[in-house]
Every structure is written in C-alpha cells, then in structure tokens.
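Data first, discussion second: the structure below is written as structure tokens.
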Amino acid sequence: QANENSLLSAQLKGFPLFLHSNLALKDCSINPKSPLLYITRPSEVEKGVLPGEDWTVFQSNHSTYEPVLLAKTKSAESIPHMSVDAALHTTVMQDLGLHDGIQRVLFGNNLNFWLHKLVFVDSVSFLTGKRLSLPLDRYILVDIDDIFVGKEGTRMKVEDVKALFDTQNELRTHIPNFTFNLGYSGKFFHTGTDAEDEGDDLLLSYVREFWWFPHMWSHMQPHLFHNQSVLAEQMTLNKKFAVEHGIPTDMGYAVAPHHSGVYPVHVQLYEAWKQVWSIRVTSTEEYPHLKPARYRRGFIHNGIMVLPRQTCGLFTHTIFYNEYPGGSSELDKIINGGELFLTVLLNPISIFMTHLSNYGNDRLGLYTFKHLVRFLNSWTNLKLQTLPPVQLAQKYFQIFSEEKDPLWQDPCEDKRHKDIWSKEKTCDRFPKLLIIGPQKTGTTALYLFLGMHPDLSSNYPSSETFEEIQFFNGHNYHKGIDWYMEFFPIPSNTTSDFYFEKSANYFDSEVAPRRAAALLSKAKVITILINPADRAYSWYQHQRAHDDPVALKYTFHEVITAGPEAAPKLRTLQNRCLVPGWYATHIERWLNSYHANQV
C-alpha cells in the first residue's frame, strides 16, 4: 500500500510491472475476461469515490499480467507516463506466472473496499486450485421473532401484513420457495391498537403461507425457571394457541427469548422442548460468543441441533429508515457490500434474526432483504436457496460435521453468558485443580493425600468410574456442565473451598486438553511422570491382577514387541501399556492449551 514516502511512479524491482501511487480513484469496474472470477459477477460498475487517497495502480505490457479491477482517477486526468486514452487504471492485477512461474494477485489498496474483499475470496479460491473455496450455493432463512409481541405503535397493521406476503412472493423469483419464518408468543395476540389487532387477524388468515416456530407463551426467559414442569406448562399454552389458530406445530424448530437456555445449556429447556414440541433444531447467536460474529458455530446437544444465528443490522428499536443509528446510509452500507453482504458471502448457511417491529412502520425488514438479494444478484454468481429449519440443520452438519461436538466454556468468563445462566448455578463449583494422570503413576495416592487436607475437596465418586469423573475425555462430556458440576459440593465459603478432580485417562486423551482449558482456563494441572518402562510394566501387571485374558496369555515382552499383524486385543493391550508413556507428545498437547506455569 502506498504512503506519503512512496514514489509516485516506479517499476517493481525484477518485474515488468510499473506502479503509480498515492492516487484518489472512482468508478470501479470488473474485467469480465479475468480468469480468477468465480463468485464475482463482472456486470456492474461501483459508481462513486473509492475509500482513501493512497491507491496504487498497475501498468504492464507483459502477457503475464491480467487486470481484475479497474478504476478512473478521481479527477479523471491522465497519469504522466501512461497513454493518453488510459482512462481506466488497474487496481487489482493478476499475475498468471508467465514471468517467473509463480501466480499471484496484487492489490493496490487494503481490504477496506468491499469489492476487494469479494475479489480476495475469489483470489484465494483460484490460487489454491479451489481447495480453499466454497460452492456457490447459499442457504438463507429469515426468522421474524416476537410475532404478536410488541408495544402499541410498533406492530404490523393490515397493509404491513399484505406487504410481507407480497415481498415473500417477490423474493421467490430469486430464491426458490423463499418463506419467512415466524416466531410467536401467543399470550400477546390482540394486545395492540385496533388497527394492529386487525393485522394479527390478517396474519393468521395467511397462516399456511408462512413457516412458524414457537417462543415461550409469555416470552419468558427459560433460564429463570429451574422447574421443568413450569417450562412445559408455558410451552403447552403456546401449543394450545397454535392448534386453535391453525398454526402448524410440526416444524421441529424453536427459539428461546433472548436465546436464554440454549447456550449456556439449561437442561430443563432442552427436555421441555422435546417433551412438548418434539424440537430437533434451535439457533443462537451466543455460541461460542456473540462477537466476533464470524466465529459463531453450531453444535448438537441432547438430540437437538443448534445452529449459529446472525444479526442483520436490524433490532427491535430500528423501525424508521430516517432514524437509523448513524443515518440511513449506514443501513445501506451494511447491505451493499457491508456486514450483511459479507455474512452471506462467507457462510454457506445463514439464519437471520429480525423482529416483528422491523415489518411495521417503515418495514425495514422488507427493505433490507429485498435490497440484499438485489445486490447479491447484481455482483455475485451465488445461487440463493432456502430450506425449512430441520433440513437446513441437516445440511449444516453435513457441511460442518466437525462442529457436532460442543465445546463447553466457563459461563462466568462472558458477561452475556452469565446473564442468561441460572442464578442457582455458580462457577465456584468448578474444580481449580486437575490431576490428569497418566495411569499407574501414583495419581490415586496423591488424590487420597490431598483429600485429607481440610481446605481441599475432591469430587464425589462416580457409580461407574469410582473416584474418577472422566468428563473431558469421553462420552460423559456430552452430558454437559450441569452434570459435571453435580460431582462437586455447593460451596459453603468460596474463599476457602478448593475443589480438585483426578481422572488419569485425561493425560493421553487427544480431546481432553482443549476441553478442559475451555471450561477450566485458570485451573492448575498436575501430571506425575515416572520411568515410562516402569509405568508400562505396572499397567501390564494391573491387567493380570484383573484377570485380563490377554495379559494372562502373553508375557510382558510379547505384549510390547507385538507387530502390526498381531491380534486386535493384543494390540489394544500394547497401546494401553505404551501410548500413555509417550510423555513428550501428550505434554505438548497440554501445553498448547495451558500456560506452562499452570502445569
């Protein structure tokens, strides 16, 4: 990028390429012959001044260089040393590699310009031979939360409902079967003005035209209720309302008010959802954190698929175009190449959260998505599609199968998480010390000695695994942090209570370090290392003492020298003898998750 010290014109050393710097540019266009274009559609011109006055443009007569983006100088004057008719100057240049055998793409400014972001995505795709690339399909679901909820003056009237229906049909010309997804709390039906109540009635007369999903009957936050039967009762009232008004109850999707109880998990919510609604899918903006939005992910818990939810620049209070925070141009910027555009560009599946109030008054919800679809169709080759929530979730976890397993974090480390976590729970119940093993090194003895200290408390024993919880390394992890916390007492005095846990299988687990560090980031970690040969022999003798038929059949030497063709059970015993002794490998994994002064 150019700066005040850049030469205004220079040749790039060793290349047949000339640079002209510190320019102000306008009216950017795309070269339709550029071979790197994939998502980018080269049919439009971005009119107006480009951001910044420190642009560099490229000039070359060598066949290795192919312009990608071109622009005019702001004053439309010719640049010295360039031909008089060179009205368009190259701001992004593709090097085909004919000069030195290396392909590259050169940008004449940073990625603040939205078209640079779009071309950058195509450049990465091209230069990696599509290895770092997404297909052109983009699935979009638009949720409208809080149907029937809202103060007088913010709700939909008859004309707004008609506009919603008409816009849905208009969007279907670009997105096959596009359908708005309406989330309702039945208690607030007919609580607006007379004109708004008529809007409620018209909306229900269109009930088969939309998709529907439940909130809570009275829009309550589930994490505030510890009693599952109270939650189920609220859901049953909403379901009764739905049945009475012909609203379909089999979509398998629900959203909790303020995403409460979804993450951090409120077990009672998941159970009540399944009991009353047979819910299979929900969504939240809170996993793993609200911000940055690009890091939001999905997970599956207790048979319910949780999808990442996105915002779109609209909130309950944004109901007038001219009163949009920062001015209406801010909303247009979000749509036209800004955050909303980038969300669709970079995510194969996007669930957008909007609210009832965005579809009354100036109908900013309709404005936003009509203009977004128009912009996407003008500038990209993306194929916009939609699916009902359950099929959308199945599609999501086909694409992102690695996200199925959740990563539980400490709810007290994120203020938003703490705000939607039951006040009956406390992070002081988590252990501050982990004894991670490996097995047969004296960890049980250490566990017993520490338990004698009056200020130290170990976990309660497990009915299955005795003194070990074995939470972070196996199937118990999917039971969630509520299950884990039940193994520790409710603190009597948080300053002196010091809990610890010993599970010797954690040491050589591939998943335990990352999981433990996510939930217990400040914990101390103890491992006991003895001669790995002694440890291996001790494990072999331990198995013999427990009448393991393989250990009884083979000598220790036969076990540790067995080749790859040996019987599977013999190889399993060999691995349990030898693998935990690969100390450097396992300690490195723990040190990737914990600071050295914690281990």
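Residue numbers (the UniProt record's numbering): 1 to 599.
In this text, a Cβ means the ideal position worked out from N, Cα and C, and glycines have one as well.
Since this is a predicted model, take the numbers as computed values, not measurements.
| Query | Result |
| --- | --- |
| Cβ-based neighbour list, D85, same chain, cut-off 7 Å, excluding 5 preceding and 5 following | Note that D85 scores a pLDDT of 44, beneath 50, so its modelled location is shaky; the value from the coordinates is reported in the next line. Excluding residues within five positions, none has a Cβ falling inside 7 Å. |
| K333 - DSSP class collapsed to helix/strand/coil | helix |
| Contact set for T386: own chain, Cβ-Cβ below 7 Å, skip 5 residues either direction | Y139, I140, L141, I175, N177, F178, T179 |
| Backbone CA spacing between residue 619 and L529 [nearest angstrom] | A query on residue 619 cannot be resolved here, the shown segment of the chain reaching from 1 to 599 and no further. |
| Given 8 Å, three or more beta-carbon pairs between the segment 318-327 and the segment 118-130 | no |
| Status (buried if at least 16 other CB within 10 Å, exposed otherwise) for Q469 | Note on residue identity: the sequence assigns Ile, not Gln, to residue 469. So I469 counts as buried. |
| Spatial distance of G186 from S492 (CA atoms) | 42 Å |
| Separation of V599 from R571, as counted between CA atoms | 31 Å |
| Option in E159, H116, L8, L106 with minimal Cα separation from N361 | E159 |
| Cβ-Cβ separation, L69 to L115 (assumed contact under 8 Å), whole Å | 6 Å |
| Spatial distance of L36 from Q94 (CA atoms) | 8 Å |
| Own chain, CB closer than 7 Å to R297, minus 5 neighbours either side, in chain order | Y287, P288, P308, E403 |
| Cβ pair L519, I481 closer than 9 Å | yes |
| Contained beta strand (DSSP E) runs [length at least 3] in the segment 505-562, N- to C-terminal order | 524-527 |
| Backbone CA spacing between A195 and H226 [nearest angstrom] | 39 Å |
| H595 versus M452 - alpha carbon distance | 28 Å |
| Outcome for Q391 when other beta-carbon atoms lying within 10 angstroms are tallied against a minimum of 16 | exposed |
| Continuous alpha helix (DSSP H) stretch holding R416: start and end | 415-419 |
| DSSP state of N322 mapped onto helix, strand, coil | helix |
| Unbroken alpha helix (DSSP H) run spanning E339, endpoints | 339-346 |
| Residues sharing a beta bridge with H355, DSSP | D145 |
| Residue burial classification, V49 (beta-carbon count within 10 angstroms, cutoff 16) | exposed |
| Neighbourhood of T284 by C-beta, 7 Å cutoff - its chain only, sequence neighbours within 5 removed | H259, V262, Y263, V306, R309 |
| T128, buried or exposed, once every other Cβ within 10 Å from all chains shown has been counted against 16 | exposed |
| Three-way DSSP call (helix, strand, coil) for I304 in this model | strand |
| For Q228, three-class secondary structure by DSSP | helix |
| Per DSSP, the bridge partner or partners of C312 | None, per the DSSP bridge assignment. |
| Buried/exposed call for G14, threshold 16 Cβ in 10 Å | exposed |
| Distance between R429 and Q268 (C-alpha atoms, nearest Å) | 20 Å |
| Spatial distance of F488 from I334 (CA atoms) | 47 Å |
| Among K239, M353, Q439, T318, the one whose alpha carbon lies nearest that of T311 | M353 |
| Rounded straight-line distance, which links the Cα of Y460 to that of Y499 | 11 Å |
| Separation of E53 from W589, as counted between CA atoms | Per the sequence shown, residue 589 should be read as Arg rather than Trp. One C-alpha to the other measures close to 47 Å. |
| As assigned by DSSP and simplified to three states, the class of G199 | helix |
| S205, DSSP secondary structure in three states | helix |
| Residue from G442, T443, P431 whose Cα sits closest to the Cα of D455 | P431 |
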